[in-house]
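As structure tokens, the structure follows; a few thoughts come after it.
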């Protein structure tokens, strides 16, 4: 149930806050006053896409915030699954930033639009002027039947079976399309053999580069190594000899305090390190012998690896190992494709049986509930001035699809003496509006929707039919929260709460405002709807009479 709505910078609405209560809430106002902006705000809260020009001031962000009471709706698990903070009252916020970027929040936690849509589907059902066309669409009709039949669990089972079957078919299709021809297989086998015969090892190319470079510069390197050893080991001027002379001086100084003693210890430790470095250099010099045959072998191996790199268009020989692994997988897949194909075909056959069995269970559940659904909708249609109307739902066999193996159609005969015909072929706008109201009413009673919002559900109706709609809306408002935007006095008179949407000039710019009407203003607005801008005493009397009829 929606408790509070706050809107900032949405089209003609600069700042607007409104509290909603239980019962039937009616919104009225002159054409162009901005009634549709209230609907737009609630659509944003429900996860609808935001257009880039929705902000009144394009340089500032637009946001809509709604407070919902979700006590007793069993949404704790939903909040847990999506890492959201649960409370009996929650705040949902949408922000549209300059430039059109949109953000959504639940309890100040960012969420994507899909999560927002899933959540608000439990909270509010919005019916716009164009939603009557849904009555002719397969998904809507089958969802209607499934909701009425409490088919949520079996539909989820069917959905998983359908996706599994589809996934297996896709795998088989990929196998058939990507396994390649025998010629491709032979070429890949040749490439794989070539790489395997090369006996590749990780890091080999870099190691070869270093060894060849060192061998090619061996003479210079050997001279420099010998020079270092000569300088380091000379009797009087060598590094070690000089270090030992300096050590004697520091040893004498160490008697004069800790600071000198520490210097002496540090200096003394340098001598073994220098000796070790010299020994290592002597060892390297002794090993610095270039074998021309070995150098030729290294160059030949380097050229082989570079040739393979160029051939496979890679920069490093290590990548050849990855290519070899890929080629091995592809050649094995080709070799084993018949085995894999047979396994997939067996799995597909098993999945098909499971899918057909589940589709049959869904279909049987639908067929068993249709008579009751037809009866309840027909009863409500009678309340909506269709005293002799005939309403039917026909379910026929259809190819397996994401919604099952059924094709549903609504048949309707609004007047006596005529056979039922397809709703999409015969129903007028007003008839579709009342039929949709009957459907929503049945769903609301069955599924206990917190809030129903109707945008001009009275389109195409007037007189007695409008009064019947008003009675039904007020009756629904006794059980659930109902919000309706209307232009008919008969429906406005049925309100438990009545809001007026109007425009006001603020500094040369019109702003949409919303105010709750007291009893007197409520009567005045109904009279305006009856007689226009000039409210007559007769219109006021009629308005009072209408309101009293619903008390």
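Residue numbers (this note's numbering): 124 to 674. Beta carbons: idealized from backbone N, C-alpha and C, even for Gly. Please read these numbers as outputs of a predicted model, since none were measured by experiment.
Alpha-carbon to alpha-carbon, residue j and residue i
{"i": "residue 515", "j": "residue 591", "result": "22 Å"}
{"i": "residue 646", "j": "residue 137", "result": "28 Å"}
{"i": "residue 315", "j": "residue 428", "result": "14 Å"}
{"i": "residue 271", "j": "residue 603", "result": "18 Å"}
{"i": "residue 190", "j": "residue 213", "result": "6 Å"}
{"i": "residue 238", "j": "residue 280", "result": "21 Å"}
{"i": "residue 658", "j": "residue 605", "result": "28 Å"}
{"i": "residue 220", "j": "residue 333", "result": "57 Å"}
{"i": "residue 431", "j": "residue 340", "result": "27 Å"}
{"i": "residue 503", "j": "residue 612", "result": "22 Å"}
{"i": "residue 307", "j": "residue 204", "result": "48 Å"}
{"i": "residue 282", "j": "residue 435", "result": "44 Å"}
{"i": "residue 451", "j": "residue 457", "result": "10 Å"}
{"i": "residue 262", "j": "residue 305", "result": "46 Å"}
{"i": "residue 552", "j": "residue 579", "result": "12 Å"}
{"i": "residue 741", "j": "residue 393", "result": "The shown model of the chain, from 124 to 674, leaves out residue 741, and the question about it has no answer."}
{"i": "residue 637", "j": "residue 490", "result": "47 Å"}
{"i": "residue 297", "j": "residue 207", "result": "39 Å"}
{"i": "residue 249", "j": "residue 655", "result": "29 Å"}
{"i": "residue 287", "j": "residue 518", "result": "26 Å"}
{"i": "residue 488", "j": "residue 268", "result": "9 Å"}
{"i": "residue 528", "j": "residue 485", "result": "8 Å"}
{"i": "residue 684", "j": "residue 562", "result": "As shown, the chain starts at 124 and ends at 674. That puts residue 684 outside it, with no answer to give."}
{"i": "residue 193", "j": "residue 539", "result": "44 Å"}
{"i": "residue 416", "j": "residue 351", "result": "29 Å"}
{"i": "residue 407", "j": "residue 348", "result": "8 Å"}
{"i": "residue 380", "j": "residue 403", "result": "36 Å"}
{"i": "residue 152", "j": "residue 625", "result": "6 Å"}
{"i": "residue 124", "j": "residue 576", "result": "11 Å"}
{"i": "residue 513", "j": "residue 493", "result": "14 Å"}
{"i": "residue 277", "j": "residue 142", "result": "39 Å"}
Sequence-distant residues of its chain with Cβ nearer than 7 Å to residue i (five each side left out)
{"i": "residue 533", "result": "258, 264, 516 and 546"}
{"i": "residue 196", "result": "245 and 573"}
{"i": "residue 160", "result": "133, 134, 135, 136 and 635"}
{"i": "residue 180", "result": "132"}
Sequence-distant residues of its chain with Cβ nearer than 6 Å to residue i (five each side left out)
{"i": "residue 565", "result": "499 and 500"}
{"i": "residue 218", "result": "184, 186 and 226"}
{"i": "residue 496", "result": "271"}
{"i": "residue 662", "result": "650, 653 and 654"}
{"i": "residue 593", "result": "613, 614 and 617"}
Cβ-based neighbour list, residue i, same chain, cut-off 8 Å, excluding 5 preceding and 5 following
{"i": "residue 140", "result": "127, 128, 129 and 130"}
{"i": "residue 198", "result": "209, 242 and 245"}
{"i": "residue 235", "result": "227"}
{"i": "residue 467", "result": "291, 294, 295 and 298"}
{"i": "residue 274", "result": "268, 485, 488 and 489"}
{"i": "residue 367", "result": "394"}
{"i": "residue 397", "result": "355, 362, 363 and 366"}
Limits of the alpha helix (DSSP H) - the one that residue i falls within
{"i": "residue 306", "result": "305-320"}
{"i": "residue 151", "result": "Here residue 151 belongs to no alpha helix (DSSP H); instead the beta strand (DSSP E) covers 147-151."}
{"i": "residue 547", "result": "546-549"}
{"i": "residue 143", "result": "Per DSSP, residue 143 belongs to no alpha helix (DSSP H) and is neither H nor E."}
{"i": "residue 674", "result": "Where residue 674 is concerned, there is no enclosing alpha helix (DSSP H), given that its DSSP letter is neither H nor E."}
{"i": "residue 649", "result": "642-654"}
{"i": "residue 458", "result": "441-458"}
{"i": "residue 581", "result": "Residue 581 -> no alpha helix (DSSP H), and no H or E assigned at all."}
{"i": "residue 167", "result": "158-168"}
{"i": "residue 428", "result": "415-435"}
{"i": "residue 614", "result": "612-615"}
First and last residue of the uninterrupted beta strand (DSSP E) at residue i
{"i": "residue 127", "result": "125-133"}
{"i": "residue 258", "result": "Looking at the DSSP string, residue 258 is not in any beta strand (DSSP E), and its letter there is neither H nor E."}
{"i": "residue 576", "result": "574-578"}
{"i": "residue 606", "result": "604-608"}
{"i": "residue 628", "result": "620-629"}
Neighbour flag for residue i against chain C, beta carbons, 7 Å
{"i": "residue 332", "result": "Absent here is chain C; the protein component of the structure consists of one chain."}
Contact test: residue i Cβ vs the ligand COA heavy atom, cutoff 6 Å
{"i": "residue 337", "result": "Summarising the ligand content, the structure contains no ligands, and the ligand COA is consequently not present."}
- Message: So, does the region 595-603 touch the region 137-152, judging by three or more C-beta pairs under 8 Å?
- Response: yes
- Query: Which residue spans inside the region 329-403 form an unbroken beta strand (DSSP E) run of at least 3?
  - Reply: For the region 329-403, not a single whole beta strand (DSSP E) run of length 3 or above is found.
- Message: Check whether the region 172-189 and the region 642-661 touch, using three or more Cβ-Cβ pairs below 8 Å as the test.
- Response: no
- Message: Is it the case that the region 320-337 contacts the region 429-445, given that we only count it when at least three CB pairs across the two stretches are under 8 Å?
- Response: yes
- Message: At 3 residues or longer, what runs of the beta strand (DSSP E) sit wholly inside the region 226-252?
- Response: 232-234 and 247-250
- Three or more C-beta pairs closer than 8 Å, one from the region 426-440 and one from the region 380-392: is that the case here? no
- Do the region 476-483 and the region 517-532 make contact, defined as three or more Cβ pairs closer than 8 Å? The region 476-483, when compared against the region 517-532, does touch it at the 8 Å Cβ threshold.
- Quick one: which unbroken beta strand (DSSP E) runs of 3-plus residues sit fully inside the region 486-530? Chain order, please. 513-524
- Query: If you scan the region 170-235 from start to end, which runs of the beta strand (DSSP E) of 3 or more residues do you find wholly inside it?
  - Reply: 185-192, 212-219, 225-229 and 232-234
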